[in-house]
Amino acid sequence: MKAKAVEKLVLGMISTITVLVVALLITILAVLFVKGYPALHSGFLFEESRDFGRAGGVLYQSAGTLILMITAVLLSLPVALGSVLYQTEYLSSGKLKTFLMQLTYILNATPTILFGLVGYLFFGVYLDAGVSWVTGSLILAVMILPTLQVSIREAVEGLPEKYREAGMVLGLTRSAQIYRIILPQCFYGIVTGIFLGLARVAGETAAIMFTATTFSGIQLPQSYSDPVPTLQTHILILAQEAVNPESLAQAWGAGLVLIGLVFMLTLVAWAFRTRMVMESEL
Amino acid sequence: MKLSYKKNFSNCFSGQAHLEPLAWIFALMNLIFVTGAMGLGVFLLVQSLPIMKAEGLDFWLGENWWVGETYGALSMIVGSLMVTALAVTLALPIALSAALYTSEYLSPSLRRGVKGVMELLAGVPGIIYGLLGISFLAVTVKESFNLLYGNTLFTAGCLLAIMILPTVLTLAEDALHAVPIEYREVAEGLGLSKLQTALRVVVPQASSGIVGAILLGIGKAMGETIAVLMVVGSLDRIPGWNLFVSGQTIPSKLGREAAEALGSGLHWSALMGLGLTLFFMVSILTYSGTRFTEWSRR
Amino acid sequence: MARFKWVGLALLLLMGWSFVGDSAAETGLRIQIVGSTTVLPVVSHAAQQFMASSNTRILVNAGGSGVGIFSAAQGRADIGMASREISSNEKKRFKNSDLKTHSVGLDAVACMVSSEIYQSGVRLLTRAQIAKIYMGKITNWKEVGGPDKKIVVIDKEHHRGTRHVFMRYVFGNATQRTPGTILVTGSNNEEQTKIAQSDSAIGMLSFAWINEDVRAVIIQDQNGKFAPTLKAVQSGRYPIMRELSLITRGEPKGKIKAFIDFVKGPEGQKSVVENGYIPVGVETSKP
């Protein structure tokens, strides 16, 4: 009898905690929406910011964030794809494989500000790219390498053995196997990785705040050495003037745009992942 | 030497693969990845050598960070550890009990719902949490604890707890859910109740995954820059045992001072030394996490 | 087929790069300005006007006086903004950079308190009192005639221009260490926010940041009492004054010189006044 009462109590406790956690996190989303929505006047996405960001929209900030996202993923994808395929298809030493996996995990856990510091010194100072969108993209490309690698590896390693066997029966060379069988079959996994990478870049602030961004003066970069305005740093600067109601309202608006972007990318990634799981179950 | 080189080389490609051009391209890509990852650590190490030479052990044991005179990182290290410890203490029990409930008791559709919300939230950018932190949490902390100001280590710890909650929850839940259903059937067949099954059979089976989730959460909390920078108060001092005062963490110090010292001088080297310290702390966590997982699998 | 796709992609990328490279050659007309958040509003405003009438693009970023001087000296920025003099340490460190200072206006730094403290009657602080507060020897407002409340002592990051000027007045030492500090802030906006959010804070800010939530007190020293009014500043009696300046590496040339002249000229000076500072050329007996 007593045991049952204890069990009920514990159950009640953990169910309450679960409900509370979900409620808390949904509240956070709701607050973001409620705070950000008023700022989203019709042209918020399509207007320049004016008056130190207190008025206008976030057109060029969004553009800057998109530029960094896309370049970073374009730079990172070939390296991620190549290194994973090398590790899964060509490398035979098990020790080396474990070492490379460890490296991926460590890179994945490395605080993002360190990518900013070291990346600025290497790309910005030694390679002389300065504070620019190129420096930022390169830094972010290294930062999302593990994200892409993990997704791609999952897809490649999850490939049913029969595909490979079929390839071998047909007498395909390993390279032919890769671009006839592995790449097409892992397409959805790779796309999932791309979108998760995009989402991670979109949310990153610390690695780019002193390496790639500017607050005003630039709309779109005209050369490789131009910095760009981004949503993330825009929010940071506006948020530090929290007593000015207009600034804060604009910050919430930009926050809502940013989170909308991140969520959209995550949802697309999920859609592709479900597709991948379905394909592999066929 | 020559022999071992040859042996290693044959390890790099299986079979006749080294005759294919594609293999070399992939190997090159892998080399870029390895250089990038190792380069990060090497760069941090090389760049922080000057400060190690100038300060020696005092770099980690000194309390005073006076730019141009002396660089002691102790207050940042202590700040980082306190904030992380607080975040983990707050988040862990909540995340784990919610994970247990979600995995063992919720219907599949509800479970997917909870997981969906958590995974979305795990992706919310730090800057958004920072914005929420200075607008709500700092004010709440100030008022509910009757403090003079809301920018404290406690505020930062709470904010981090909220930030790592979804990550720890989903990963721990994954680990619990991955335990084969047969274990539960056998345990319940032996007369254990559902909760007993969950606690005595499922949790031990999933322990490696759970530890991994926890370590990842700790690493994430330790390295978070932007949200902490906005609420922590940024005062370099050792807070003693009082959490309700302003302080500084390693990432927030880096975020505040990096622009001023970019690329040269002892000040920069000192910041790189801080970065190296952080890198070591997080790497050890990650490494022991993966090692632990491997060990418990065996 | 797949092979052609990759080759095509590589070519596209190459073309993209060469395009980027080409356009870089055409745009020499970019001025990068970084530094003091005190000077920032003036320069941003002037830059907008300047860009309207010229094809030069001007990037203005915050960071603080230390960052401004450092970036200009390192050639990382074309112009550094500073709200203080170049310190002797910096002079030594950048002696090869041939830094030139161009004064664009004058500013006064006030000792700020939260409006609640101001309302409760703290309208005047002596220099000795401020020093004791920052050294942590006075920790309660009642010791200086205010309510029984602990003082939230707000400091700025050590390289900030406002801090240098304020500390030089209070302690005679621009880099004085202040153990009484409770919070450290960066930009002027951030400090203003922190003072306003607290109800018992003290801090230092330029006159341009005074508002209903953040009030300036009268300062008293051996030479008398100084009210934080524009009149006192213009008469030159106010004790915590400083030059706002633009800093270049070597004598400025071309577009950079044109922009500096623009800020010193009538339109730029108008924005100096609009932002609550004192234009250059107004007769004041500088400290």
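These protein sequence lines map, in sequence, to chains A, B and C.
Position one of the first sequence corresponds to residue 4 (my numbering), numbered consecutively onward.
Position one of the second sequence corresponds to residue 717 (my numbering), numbered consecutively onward.
Position one of the third sequence corresponds to residue 18 (my numbering), numbered consecutively onward.
Where is the CB? At the ideal position from N, CA and C, for every residue including glycine.
Within the region 256 to 285 of chain C, ranges of the beta strand (DSSP E) (whole runs, at least 3 residues)
Correct list: 258 to 266.
For residue 843 (chain B), I'd like the list of residues in its chain whose CB is within less than 8 Å of its CB, leaving aside the five on either flank, ordered along the chain.
Counting from one through the second sequence, the residue named residue 843 (chain B) turns up at place 127. If you ignore the 5 residues before and after residue 843 (chain B), its C-beta comes within less than 8 Å of the C-beta of 942, 943, all in its own chain and listed in chain order.
What in chain B is Cβ-close to residue 262 (chain A), meaning under 8 Å?
In the first sequence, residue 262 (chain A) corresponds to position 259, counting from 1. Under the 8 Å cutoff, chain B gives 840, 841, 844.
Residue 238 (chain C) beta carbon less than 8 Å from that of residue 179 (chain C)
As a position in the third sequence, residue 179 (chain C) is number 162, starting the count at 1. As a position in the third sequence, residue 238 (chain C) is number 221, starting the count at 1. No; because the gap between Cβ atoms is not below 8 Å, this pair is not in contact.
Cβ neighbour criterion (16 or more within 10 Å) applied to residue 22 (chain A):
For this step, residue 22 (chain A) is matched to residue 19 along the first sequence. With fewer than 16 Cβ atoms within 10 Å of its Cβ, residue 22 (chain A) is classed as exposed.
Is the distance from the Cβ of residue 135 (chain A) to the Cβ of residue 227 (chain A) below 8 Å?
The residue given as residue 135 (chain A) occupies position 132 in the first sequence. The residue given as residue 227 (chain A) occupies position 224 in the first sequence. Residue 227 (chain A) sits close to residue 135 (chain A), with the two beta carbons spaced by under 8 Å.
Does residue 103 (chain C) pass the burial test, meaning 16 or more other C-beta atoms within 10 Å, or should it be called exposed?
As a working note, residue 103 (chain C) is residue 86 in the third sequence. Burial call: buried.
Please work out which residues of its chain come closer than 7 Å, Cβ to Cβ, to residue 94 (chain A), disregarding the five sequence neighbours upstream and downstream, and give them in chain order.
Here residue 94 (chain A) is taken as the residue at index 91 of the first sequence, counted from 1. Within the same chain, residue 94 (chain A) has close Cβ partners 100.
Looking only at its chain, what residues have a beta carbon closer than 8 Å to the beta carbon of residue 273 (chain C), apart from the 5 residues adjacent to it on each side?
Here the question's residue 273 (chain C) lines up with position 256 in the third sequence. Excluding positions up to five away in sequence, the list reads 48, 95, 96, 265.
Can you tell which of A:196, A:203, A:164 has the C-alpha that lies nearest to the C-alpha of residue 184 (chain A)?
Position 181 of the first sequence, counted from the start, is the residue given in the question as residue 184 (chain A). Nearest to residue 184 (chain A) by C-alpha distance, out of A:196, A:203, A:164, is A:164.
From the DSSP output, in three-state form, read off residue 165 (chain C) for me.
Indexing the third sequence from 1 puts residue 165 (chain C) at position 148. Correct three-state label for residue 165 (chain C): coil.
Three or more C-beta pairs under 8 Å: does that hold for the region 864 to 883 of chain B against the region 913 to 933 of chain B?
The answer is yes - the region 913 to 933 of chain B touches the region 864 to 883 of chain B, with three or more Cβ pairs under 8 Å.
Let me make sure I understand the geometry here. Which of B:777, B:787, B:807, B:804 has the alpha-carbon closest to that of residue 794 (chain B)?
Taking the second sequence and counting its residues from 1, one reaches residue 794 (chain B) at position 78. It is B:777.
Per-residue DSSP class, three states only, for residue 200 (chain C)
Position 183 of the third sequence, counted from the first residue, corresponds to residue 200 (chain C). Looking at residue 200 (chain C) - three-state DSSP - the assignment turns out to be strand.
Examine chain B for any beta-carbon lying closer than 8 Å to the beta-carbon of residue 106 (chain C), and answer yes or no.
Here the question's residue 106 (chain C) lines up with position 89 in the third sequence. At least one chain B Cβ lies under 8 Å of residue 106 (chain C).
What is the DSSP secondary structure of residue 296 (chain C), reduced to helix, strand or coil?
Along the third sequence, read from residue 1 onward, the residue named residue 296 (chain C) stands at position 279. Three-state result, residue 296 (chain C): strand.
Start and end of the beta strand (DSSP E) containing residue 212 (chain A)?
The residue given as residue 212 (chain A) occupies position 209 in the first sequence. Here residue 212 (chain A) belongs to no beta strand (DSSP E), and DSSP marks it neither H nor E.
Output the boundary residues of the beta strand (DSSP E) element that contains residue 65 (chain A).
The residue given as residue 65 (chain A) occupies position 62 in the first sequence. Where residue 65 (chain A) is concerned, there is no enclosing beta strand (DSSP E), although the alpha helix (DSSP H) it sits in stretches over 62 to 88.
C-beta neighbour in chain C for residue 746 (chain B), strict 8 Å
By one-based count along the second sequence, residue 746 (chain B) stands at place 30. It does not: the Cβ of residue 746 (chain B) has no partner Cβ on chain C nearer than 8 Å.
Please confirm if the region 211 to 230 of chain C is in contact with the region 74 to 89 of chain C, defined as three or more CB-CB distances below 8 Å between the two stretches.
Of all C-beta pairs linking the region 211 to 230 of chain C to the region 74 to 89 of chain C, fewer than three are shorter than 8 Å, placing the two stretches out of contact.
When you compare the CB positions of residue 54 (chain C) and residue 240 (chain C), do they come within less than 8 Å of one another, or not?
To locate residue 54 (chain C), count along the third sequence from 1; it is residue 37. To locate residue 240 (chain C), count along the third sequence from 1; it is residue 223. Remark: C-beta atoms of residue 54 (chain C) and residue 240 (chain C) do not approach each other more closely than 8 Å.
Applying a beta-carbon distance threshold of less than 9 Å, which residues of chain C neighbour residue 230 (chain A)?
On the first sequence, position 227 is the one that residue 230 (chain A) refers to. Correct list: 49, 76, 78.
Check whether the Cβ of residue 1008 (chain B) lies closer than 8 Å to any Cβ atom in chain A.
Residue 1008 (chain B) sits at position 292 when you count from the first residue of the second sequence. Output row for residue 1008 (chain B): interface = no.
Residue 763 (chain B): first and last residue of the uninterrupted alpha helix (DSSP H) it sits in
Residue mapping note: residue 763 (chain B) aligns to position 47 of the second sequence, counting from 1. Counting along the chain, the alpha helix (DSSP H) containing residue 763 (chain B) begins and ends at 737 to 771.
Measure from the alpha carbon of residue 167 (chain A) to the alpha carbon of each residue in A:180, A:242, A:155, then state which is nearest.
The count along the first sequence starts at 1 and reaches residue 167 (chain A) at position 164. For the residues A:180, A:242, A:155, the minimum Cα distance to residue 167 (chain A) belongs to A:180.
Can you tell me whether residue 113 (chain C) is buried or exposed? The criterion is at least 16 other CB atoms within 10 Å of its CB, across all chains shown.
Stepping through the third sequence from its first residue, residue 113 (chain C) is reached at position 96. Per the 10 Å Cβ criterion, exposed.
Taking only beta-carbon atoms, is residue 782 (chain B) less than 8 Å away from chain C?
Along the second sequence, one-based indexing puts residue 782 (chain B) at 66. At least one chain C Cβ lies under 8 Å of residue 782 (chain B).
Please tell me whether residue 169 (chain C) has its Cβ less than 8 Å away from any Cβ of chain B.
What you label residue 169 (chain C) is simply residue 152 of the third sequence in a count that begins at 1. Yes, its Cβ sits closer than 8 Å to a Cβ of chain B.
Using only the heavy atoms of the ligand GTP, determine whether one of them is closer than 7 Å to the beta carbon of residue 132 (chain C).
As for the ligand GTP, it is missing from this structure, which has no ligand bound.
Considering only their Cβ atoms, is the gap separating residue 122 (chain C) from residue 138 (chain C) smaller than 8 Å?
Indexing the third sequence from 1 puts residue 138 (chain C) at position 121. Indexing the third sequence from 1 puts residue 122 (chain C) at position 105. By the CB criterion at 8 Å, residue 138 (chain C) and residue 122 (chain C) fall outside the cutoff.
Tell me the rounded alpha-carbon separation between residue 118 (chain A) and residue 751 (chain B).
Position 115 of the first sequence, counted from the start, is the residue given in the question as residue 118 (chain A). Position 35 of the second sequence, counted from the start, is the residue given in the question as residue 751 (chain B). Each residue's Cα considered, the two are about 14 Å apart.
Specify whether the region 202 to 217 of chain A and the region 106 to 123 of chain A touch according to this definition: at least 3 beta carbon pairs, one from each stretch, less than 8 Å apart.
Segments in contact, yes.
For the region 964 to 980 of chain B against the region 904 to 916 of chain B, do three or more pairs of beta-carbon atoms, one drawn from each stretch, fall closer than 8 Å, so that the two count as touching?
Short answer: they don't touch.
Helix, strand or coil for residue 38 (chain C) per DSSP?
As a working mapping, residue 38 (chain C) is identified with position 21 in the third sequence. Any reading at residue 38 (chain C) must be qualified, since the residue scores a pLDDT of 45, below 50, and its modelled position is unreliable; the value itself is stated next. In this structure, DSSP gives residue 38 (chain C) a helical state, which the three-state scheme calls helix.
Cβ closer than 8 Å: which chain A residues qualify as neighbours of residue 967 (chain B)?
Along the second sequence, one-based indexing puts residue 967 (chain B) at 251. Contact annotation for residue 967 (chain B) against chain A: 114, 116, 209 [CB-CB distance below 8 Å, chain order].
Taking residue 292 (chain C) as the reference, which of C:276, C:106, C:271, C:261 has the closest Cα?
Taking the first residue of the third sequence as 1, we reach residue 292 (chain C) at position 275. Of the listed residues, the one whose Cα sits closest to residue 292 (chain C) is C:261.
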